[in-house]
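Asker:
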Amino acid sequence: MSSKCFARGKFFITKKRVGKNLFAYLMLAPDIIGLVLIFFIPMGIALYVSLNEWNGISPMNFIGLKNYATLMSDSLWWHSVGITIVYTLIFVSMVYCLSLLIAVFLNSITGKIQGFLRTVYFVPFTISTIVLSIIWLFMLDPRRGLVNKFLHIFGIPAQSFLGNPKQALFCIAFMTAWTLIGYYSIIFLAVLKDIPVIYYEAAKLDGANTFQLFKSITFPMLKEVNVFVLIVTTIASFQVFDQVKVMTSGGPAGATNVAVFYIYTNAFDYLKLGYSSALAFMLFIIMFGFSIVLLKITKGGERE
Amino acid sequence: MKKILMWSLVLLISISMIGAFSITGCKEEKAAATEEEVAPAEEESAEEAEETKQIAEKTEITFWYFHSGAEGEYMAALADKYNEINPNVEVRAVSIPQADYMGVKLTTAFAAEVGPDVFFMSPGDFLKYVNSGLALDLSPYFTDEIKADFLQSALDAVTVNDKIYGVPFEIELLGLYYNKDMLAAANVQPPKTWDELIEATKTLTKGEVSGLLIEPNKGYYQNFTWYPFLWQGGGDVIDAATKEGIFEGPAVENALKLWGDLVKAGAPAKITIPGTWDIGLLGQGNVAMQICGTWAIAVIEDPENGWSETNIGLVPLPIPEGGEAATDAGGWKFMVNAHSRNVDAAAKFVMWAFAENIDLPLEWCTVTKFAYSPRQSVIESGKDIYSKGLRKVFTDEIYDTAIGEPRYPSEIVSAVGDALQEVMFANADPKVAAKKANDIINEFMKSFSGSM
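If you're matching them up, the sequences are chains P and Y in order.
Here the first sequence stands for residues 1 to 304, numbered as in the working numbering.
Here the second sequence stands for residues 1 to 452, numbered as in the working numbering.
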């Protein structure tokens, strides 16, 4: 097989293999270099900053793991993590269920109308989050907003939405989910189209109804894409910030003070760049943990 | 042939990556300098090339401002005027949107050591920049003659440990603006007490119109507009002598409860504009009353605002039973970056603009906007303007009740803000909210070693 090795261990890169795939490695190189320069190196710098006390202006003061010890007892931080977890549960379930539902319905429609509807659902994904946040800010205005005018038709009293601590987080989750449903429904649709029709025909011959067809054929065939959608949306939900900054600034009464917003406040309001770096790493660990748990629950999408 | 094509593609991608890094990896000062520079770079003729060479030899100072409209034009013109009379100095004025200015923009610029030489600072964030060592000590530039011209309270607001860290140039007071026609139509008198304010808000809230606009968003501006109600009952946040938190007691609880009651009465819990310092909602007839400041008068009198038909009145802020009238005296300060490469030139520009000149501060306070000057000489020069229109209400009925805006560290601003938010929107008991905030304040003060 190989006569010479460049590296031993799990990643058995041989001279022969490199030579064979040289072009592929070279094409991947710019992206790797970019990732190292733009992501990994700044991440390393941030890790170092998290071991210091620094306001961004005076020289750094090395304090070791003190920032990490402080955050363990920072009740405001854990409260913001709690809010983020609630947001994640609302957001992920909304995106997953609605995008799957839309994909299933789209798959049952044939002809040009399917393409048209796919485009309509996809349009919000093409608009910047900041712009959408501003649009929804106007739509959710308690007195003059479009949503309250719509609810008024059904006799529902005007709601505060972003001014109500019990509604604000849900509004942001809903708005964000609305922008992504089109994107994920296309991903589901691509997989649904690959499910052989004969499976459904055979099941129907055995007397299966619509729900049984979904439960026994459609859903099991979506295991791998389920894992992808759940993990990607979970990671995205932990990183929510733009919408909160534009629409609520963490309020009202801290109801939308998600983790990244708390990190932002510590960095740019309190000028605690060392502490906020430590918070960011803690958030990374929490997100990583969540992703591992999800992988275990879904068994990595492996089909039994 | 295939190999040549493949290698050409690899080379092209690599060159593109390098090119992209070169463009996007440029320094912040270049990025800042491209944002609405006052000195545009045009095609150069031989004459302009000579001028450019001269400019390149001048001392350069960057000056960041957030003002817009007439105020923005004033700031840009300030740089032009200084450049005309100082051929060896080039002041570059850069406009930054207000929402970005005090947030990420200044902080990241200073952290990357590409911050401006001269910038504006609000009392709410003043200590942040003094305690971090970023603000230049301007004491050497304040001669006895200059100091004597300033109101003592204005100088005290920018003095820390006997050093002066900023140049005050405006005193902005708060009052209650109202729509005369709306109040007359509802047979409501401009409120003088807290109870009347709550009742008027309830009565005037109809359909799409809110009875009263107060700041719902947490932040230093919400605190700034709320402090007068705290002071009216004799309350405060920190004891000036002991530096301990005193954010408990009836005065604090009543002031918190008032804003909670006003939200229940109809004050909006959410607004679509960045902040209620904008008098536009009152002008457009979306609200019947609004707490706002002296700066609103120039906007109200501007015939181009599109709502000149709105009949606006002004009264002092309502007071509680047994309380004393009080309003907040805010106003931004001019600061110099202590890490600037041209601190002396920057300090001289700042002192020229607002500490030595009379015409420029007078124009700012009486023409560009309306504000009181912290300097006796400027007040004396512009005394006629202070009794014109709505200014007369500020001068005769509000000015003497002004208390300077406090300059607390961000953590204290946040604790007070959280208490307000909880009472306004989460139906928290004001006593519980006040105690929680006071505990946080006292905990913070134990470990706080900066100046206040």
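Where is the CB? At the ideal position from N, CA and C, for every residue including glycine.
(1) I'd like to know whether the C-beta of residue 32 of chain Y is nearer than 8 Å to at least one C-beta of chain P.
(2) Going by the CB atoms, is the gap between residue 258 of chain P and residue 83 of chain P shorter than 8 Å?
(3) Name the chain Y residues that come within less than 8 Å of residue 253 of chain P, Cβ to Cβ?
(4) Sorted by chain position, which residues of the same chain lie with C-beta nearer than 8 Å to residue 234 of chain P's C-beta, five sequence neighbours on each side aside?
(5) Considering only their Cβ atoms, is the gap separating residue 216 of chain Y from residue 174 of chain Y smaller than 8 Å?
(6) Kindly indicate which three-state DSSP category residue 113 of chain Y falls into: helix, strand or coil?
(7) Here's a check: name, in chain order, each residue in its chain whose Cβ is nearer than 6 Å to the Cβ of residue 218 of chain Y, leaving out the five neighbours to either side.
(8) Strictly below 7 Å CB to CB, what residues from chain Y border residue 142 of chain P?
(9) Report yes if the CB atom of residue 268 of chain Y is closer than 8 Å to the CB atom of residue 196 of chain P, and no otherwise.
(10) Measuring only between beta-carbons, confirm whether residue 411 of chain Y sits less than 8 Å from chain P.
(11) Find the residues of chain P that neighbour residue 161 of chain Y, judging by a C-beta separation of less than 8 Å, and give them in chain order.
(12) Using beta carbons (cut-off 8 Å, strictly below), is residue 133 of chain Y in contact with chain P?
(13) Name, please, each residue of chain Y whose Cβ falls closer than 7 Å to the Cβ of residue 270 of chain P.
(14) Do you know whose CA, among P:277, P:282 and P:283, lies nearest residue 51 of chain P's CA?
(15) What is the DSSP secondary structure of residue 340 of chain Y, reduced to helix, strand or coil?
(16) Is residue 128 of chain Y close to chain P? Criterion is C-beta to C-beta, closer than 8 Å.
(17) Is the beta carbon of residue 338 of chain Y less than 8 Å from the beta carbon of residue 117 of chain Y?
(18) Does the Cβ of residue 369 of chain Y have 16 or more other Cβ atoms within 10 Å, making it buried, or fewer, making it exposed?
(19) On the DSSP bridge assignment, give the partners of residue 330 of chain Y in chain order.
(20) With 8 Å as the C-beta to C-beta threshold (strictly closer), list the residues of the region 139–170 of chain P near chain Y in chain order.
(21) Any C-beta of chain P sitting closer than 8 Å to the C-beta of residue 154 of chain Y?
(22) For a quick check, are the C-beta atoms of residue 457 of chain Y and residue 252 of chain Y less than 8 Å apart?
(23) Taking the Cβ atom as the reference point for each residue, do residue 178 of chain Y and residue 289 of chain Y lie within a distance shorter than 8 Å?
(24) Are the C-beta atoms of residue 56 of chain P and some chain Y residue less than 8 Å apart?
(25) Anything in chain Y within Cβ reach of residue 137 of chain P, meaning under 7 Å, just list it in chain order.
(26) What are the start and end residues of the alpha helix (DSSP H) that includes residue 94 of chain Y?
(27) Closer than 7 Å to a non-hydrogen atom of the ligand SAM - does that hold for the CB of residue 64 of chain Y?
(28) Strictly below 8 Å CB to CB, what residues from chain Y border residue 249 of chain P?
(29) Does the distance from the C-beta atom of residue 53 of chain P to that of residue 63 of chain P stay below 8 Å?
(30) Quick one: Cα of residue 284 of chain Y to Cα of residue 176 of chain Y, how far?
(31) What residue range does the beta strand (DSSP E) around residue 60 of chain Y cover?
(32) Does residue 107 of chain Y have its Cβ less than 8 Å from a Cβ in chain P?
(33) When we look at the beta-carbon of residue 64 of chain Y and count the other beta-carbons within 10 Å, is it buried (16 or more) or exposed?
(34) Residue 161 of chain P to residue 148 of chain P, Cα distance in whole Å?
(35) Using 10 angstroms around the beta-carbon of residue 296 of chain Y, count the other beta-carbons present and answer buried if the total reaches 16, otherwise exposed.
(36) Around the Cβ of residue 168 of chain Y, are there at least 16 other Cβ atoms within 10 angstroms (buried) or fewer (exposed)?
Answerer: A quick look at the data gives this:
(1) At residue 32 of chain Y the pLDDT is 41, less than 50, meaning the model places this residue with poor confidence; the figure from the coordinates comes in the next sentence. Cβ-Cβ to chain P under 8 Å: no for residue 32 of chain Y.
(2) Their beta carbons are under 8 Å apart, which means residue 83 of chain P touches residue 258 of chain P by this criterion.
(3) Within chain Y, 418, 421, 422, 424, 425, 426 and 428 have C-beta atoms less than 8 Å from the C-beta of residue 253 of chain P, given in sequence order.
(4) Within its own chain, the residues whose Cβ lies closer than 8 Å to the Cβ of residue 234 of chain P, once the five positions on either side in sequence are excluded, are 88, 92, 287, 290, 291 and 294, listed in chain order.
(5) Contact flag unset, no.
(6) It is coil, neither helix nor strand.
(7) Here residue 218 of chain Y has 417 and 421 as same chain residues with Cβ atoms under 6 Å from its own Cβ, once five neighbours each way along the sequence are excluded.
(8) Here the neighbours are 268, 269 and 270.
(9) Contact check for residue 268 of chain Y against residue 196 of chain P fails: the beta carbons are separated by 8 Å or more.
(10) True, the Cβ-Cβ gap to chain P drops below 8 Å.
(11) Within chain P, no residue comes near residue 161 of chain Y; the closest Cβ sits about 17 Å away, beyond 8 Å.
(12) Yes, contact with chain P.
(13) Under the 7 Å cutoff, chain Y gives 410 and 411.
(14) Comparing Cα-Cα distances from residue 51 of chain P to each of P:277, P:282 and P:283, the minimum goes to P:277.
(15) Here residue 340 of chain Y sits in coil by DSSP.
(16) Contact of residue 128 of chain Y with chain P is assigned, a C-beta pair being separated by under 8 Å.
(17) Not a contact, by the Cβ cut-off of 8 Å.
(18) Under this definition residue 369 of chain Y is a buried residue.
(19) In DSSP, residue 330 of chain Y forms a bridge with Y:172.
(20) Within the region 139–170 of chain P, the qualifying residues are 140, 141, 142, 143, 144, 160, 161, 162, 163, 164 and 165.
(21) So no, residue 154 of chain Y is outside the interface.
(22) Nothing about residue 457 of chain Y can be read from this structure; chain Y reaches only from 1 to 452.
(23) With contacts defined by Cβ atoms closer than 8 Å, residue 178 of chain Y and residue 289 of chain Y form a contacting pair.
(24) For residue 56 of chain P, the answer is yes, since a Cβ of chain Y falls inside 8 Å of its Cβ.
(25) Within chain Y, 272 have C-beta atoms less than 7 Å from the C-beta of residue 137 of chain P, given in sequence order.
(26) From DSSP, residue 94 of chain Y is part of no alpha helix (DSSP H) but of the beta strand (DSSP E) over 89–95.
(27) As far as ligands go, the structure on display features none, and thus does not contain the ligand SAM.
(28) For residue 249 of chain P, the neighbours in chain Y by C-beta distance under 8 Å run, in chain order, 217, 218 and 219.
(29) Yes, Cβ-Cβ distance for residue 53 of chain P and residue 63 of chain P is below 8 Å.
(30) C-alpha separation (whole angstroms): 16 Å.
(31) DSSP places residue 60 of chain Y inside the beta strand (DSSP E), whose first and last residues are 59–65.
(32) So yes, residue 107 of chain Y belongs to the interface.
(33) Under this definition residue 64 of chain Y is a buried residue.
(34) Taking the straight line joining both Cα atoms gives about 9 Å.
(35) Buried, by the Cβ-count rule.
(36) Its Cβ being crowded by 16 or more others within 10 Å, residue 168 of chain Y is buried.
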